[in-house]
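Numbering (our numbering), first residue to last: 228 to 706.
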């Protein structure tokens, strides 16, 4: 089943590109069908207990200690399901915005399959292979929209490659140290969990892997590639970057940095919490001075991910559970928010807040659904983000009052960011008299489904808190 989860979108996307390049309509239908099948596969893998399940274990390069090992637990399931939902949503947002559906769809599906590989790989070499494969389609997707997009994508690529090289060095270092200590040279995740490491070696190896994950999150101060890339890319690509790929950086910290290098992670934890809290406030302040709606969303996304970083390095059960749940809520949130920017641009309007105003009157459906998404983003009780933010802050304050309080201040900034954006775009006098069509049926369905999921997660969070907590409870005991 896990092999199908990885290779169905990869191989299916390749066939679409090979066979349907001259038929954009057929390519679009095929790509959407594959994305829907991927979502159904994820639902079929719903966990029914703790620990890893649906495992695949096959020798690959036994002489080097490399195996083809896959497995899924509660956290990887939740993030895989989110990836499938976000991918399908991004494709629906791209419905009329893309001409070359064969190439675009193939790249999206290749990225989705690689992300599923990242979430299920339990051998470090296999994980690294999927991690690098993921970068290729994401780079080409981010570079599609002109010269400025290519420059932003190149900056993303350079940040990513440097981080990946540092991660590779750490993986090889762990492999060598484990072999020297035990006589068993292996990249097997479960065996490496028991590697005897000194505190300093553990710290440096952890930092090498963290560099790669911090770039993807994007974590302050390695976030510099993100605002321009999110802004310059097409909205469906921004959705994939912020709503799916960013989660994999946080997953890497949770899956690898904390359990493989507990001594090093404990030494770095106060600094990690500090960087997370500073990132929340820093990005929140920058969002306040942006005039482009996409950049407001980009910096708000970075601010939310800073809170996730705080929760991860608080390394406390509530905080870890809240951080993963916040990833789920954040992925749905950016799907809704970037979808709004796509449909504004599709109507020939600029995303410059100075040119907006009064759009609620001609577009009430967009105005209402946009408002609910923004209220989720500010952590309104009853919506998904509230649950994640509450748990993360509760655990963070218990671990360190100063950084927890600073992060709470950053959440207040996000309230100001989003309300300012809504007031300038939807309220006040109508600045453009030209007719503007409200959301159509497909657009209303995508936004309505996103809002419904945000409400469902806010009202019934236990559906996902239970599988998440089955993993984070065990991880918290390592601290």
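Even glycine gets a Cβ: it sits at the ideal position worked out from N, Cα and C. Given the structure is predicted, the values throughout are model-derived calculations rather than measurements.
Q. What first and last residue would you give for the alpha helix (DSSP H) that runs through residue 283?
A. Run containing residue 283: none in the alpha helix (DSSP H); it sits in the beta strand (DSSP E), 280-288.
(Q) Output needed for residue 519: all residues of its chain with C-beta closer than 8 Å, excluding positions within five of it in sequence on either side, in chain order. (A) Counting only residues of its own chain and dropping the five nearest sequence neighbours on each side, residue 519 has a CB closer than 8 Å to the CB of 458, 578, 579, 580.
Q. How long is the line joining the alpha carbons of residue 499 and residue 538, rounded to whole angstroms?
A. Spanning the two alpha carbons is a distance of roughly 9 Å.
Q.
Taking 8 Å as the threshold (C-beta atoms), are residue 288 and residue 334 in contact?
A. Not in contact: residue 334 and residue 288 (Cβ atoms no closer than 8 Å).
(Q) Within 10 Å of its beta-carbon, does residue 332 have 16 or more other beta-carbons around it, so buried, or fewer, so exposed? (A) Under this definition residue 332 is a buried residue.
**Q.** Separation of residue 676 from residue 346, as counted between CA atoms
**A.** Residue 676 has its alpha-carbon roughly 25 Å from the corresponding atom of residue 346.
Q) Quick one: what does DSSP say residue 568 is sitting in, helix, strand or coil? A) DSSP places residue 568 in helix when its eight states are reduced to three.
Q: With a floor of 4 residues, list each alpha helix (DSSP H) that falls wholly inside the stretch 448-507, ordered by position along the chain.
A: Listed in chain order, the complete alpha helix (DSSP H) runs (minimum 4 residues) inside the stretch 448-507 are 453-459, 462-467, 473-479.
Q: Please work out which residues of its chain come closer than 6 Å, Cβ to Cβ, to residue 406, disregarding the five sequence neighbours upstream and downstream, and give them in chain order.
A: Non-local C-beta neighbours of residue 406 in its own chain, meaning closer than 6 Å and more than five positions away in sequence, comprise 412, ordered along the chain.
Q.
Assuming residue 622 and residue 543 are in contact, meaning their beta carbons sit under 8 Å apart, how far apart are those beta carbons, in whole angstroms?
A. Indeed they touch by this definition, with Cβ atoms about 4 Å apart.
**Q.** Those residues which DSSP pairs with residue 297 across a bridge
**A.** The partner list for residue 297 (beta bridge, DSSP) reads 283, 348.
**Q.** Contact test: residue 653 Cβ vs the ligand COA heavy atom, cutoff 7 Å
**A.** Within the structure as shown, the ligand COA is missing, as the structure has no ligands at all.
Q) Quick one: is residue 286 buried, meaning 16 or more other Cβ sit within 10 Å of its Cβ, or exposed? A) By the neighbour-count rule (16 or more Cβ atoms within 10 Å), residue 286 is not buried but exposed.
(Q) Considering only the alpha carbon of each residue, which of 469, 424, 531, 452 lies closest to residue 390? (A) Ranking the options by Cα distance to residue 390, first place goes to 452.
Q) By how many angstroms is the C-alpha of residue 517 removed from the C-alpha of residue 699? A) Cα-Cα distance, rounded: 36 Å.
Q: Just grab the DSSP bridge partners of residue 519 for me.
A: Its beta-bridge partners are 579.
Q.
Cutting at 6 Å between CB atoms, please list the residues of its own chain near residue 546, excluding the five before and the five after it.
A. Result list for residue 546: 538, 619, 622, 623, in chain order.
Q) If you draw a straight line from the C-alpha of residue 503 to the C-alpha of residue 548, how long is it? A) Distance between the alpha carbons of residue 503 and residue 548 is about 16 Å.
Q. In its own chain, which residues sit with a C-beta less than 6 Å from the C-beta of residue 440, not counting the 5 before and 5 after it?
A. Here residue 440 has 476, 479, 480 as same chain residues with Cβ atoms under 6 Å from its own Cβ, once five neighbours each way along the sequence are excluded.
Q. Which residue from 466, 449, 377 puts its Cα closest to that of residue 521?
A. Distances from the CA of residue 521 to each of 466, 449, 377 were compared; the closest alpha carbon is that of 466.
Q. For residue 426, which residues of its own chain have a beta-carbon under 8 Å away from its beta-carbon, when the five flanking residues on both sides are left out?
A. Closer than 8 Å at the Cβ level, and outside the excluded window around residue 426, lie 490, 491, 494.
Q | Span separating the alpha-carbon of residue 328 from that of residue 337 | A | Computed Cα separation, rounded: 14 Å.
Q) Among 609, 296, 300, 565, which residue has its Cα nearest to the Cα of residue 279? A) Checking every option, the nearest Cα to that of residue 279 belongs to 300.
Q: Would you be able to state if there are at least three C-beta pairs under 8 Å between the stretch 639-656 and the stretch 552-561?
A: Verdict: no, contact absent.
Q) Bridge partners of residue 665, per DSSP? A) In DSSP, residue 665 forms no bridge with anything.
Q) In the DSSP assignment, what residue or residues form a beta bridge with residue 415? A) Under DSSP, residue 415 takes part in a beta bridge, and its partners are 350.
Q | Exposure label - residue 244; buried when at least 16 CB within 10 Å | A | Classification of residue 244: buried, given that the 10 Å Cβ count is 16 or more.
**Q.** Own chain, CB closer than 8 Å to residue 515, minus 5 neighbours either side, in chain order
**A.** Cβ-Cβ distances below 8 Å link residue 515 to 640, 643, 644, 647 in the same chain, with the five nearest sequence neighbours on each side left out; the list follows chain order.
Q) So, are the CB atoms of residue 540 and residue 496 less than 8 Å apart? A) Taking 8 Å as the Cβ cut-off, residue 540 and residue 496 qualify as a contacting pair.
Q: Have a look at 262, 386, 669, 361 and flag the residue whose alpha-carbon is nearest the alpha-carbon of residue 566.
A: Out of 262, 386, 669, 361, 669 has the C-alpha closest to the C-alpha of residue 566.
Q) Hey, residue 681 and residue 610 are a contact pair by Cβ (cut 8 Å); roughly how many whole angstroms apart? A) Right, the Cβ-Cβ distance comes to about 5 Å (below 8 Å), so this counts as a contact.
Q) Expressed to the nearest angstrom, what Euclidean distance is found between the alpha-carbon atoms of residue 233 and residue 422? A) When rounded, the separation of the alpha-carbon atoms in residue 233 and residue 422 is 29 Å.
Q: Tell whether a beta-carbon distance below 8 Å holds between residue 666 and residue 584.
A: Not a contact, by the Cβ cut-off of 8 Å.
Q: Use the C-beta contact count for residue 290: other C-beta atoms within 10 angstroms, 16 or more gives buried, fewer gives exposed.
A: Under this definition residue 290 is an exposed residue.
Q. Do residue 394 and residue 438 have their C-beta atoms closer together than 8 Å?
A. Remark: C-beta atoms of residue 394 and residue 438 approach each other more closely than 8 Å.
Q) Helix, strand or coil for residue 422 per DSSP? A) The DSSP-derived three-state label of residue 422 is coil.
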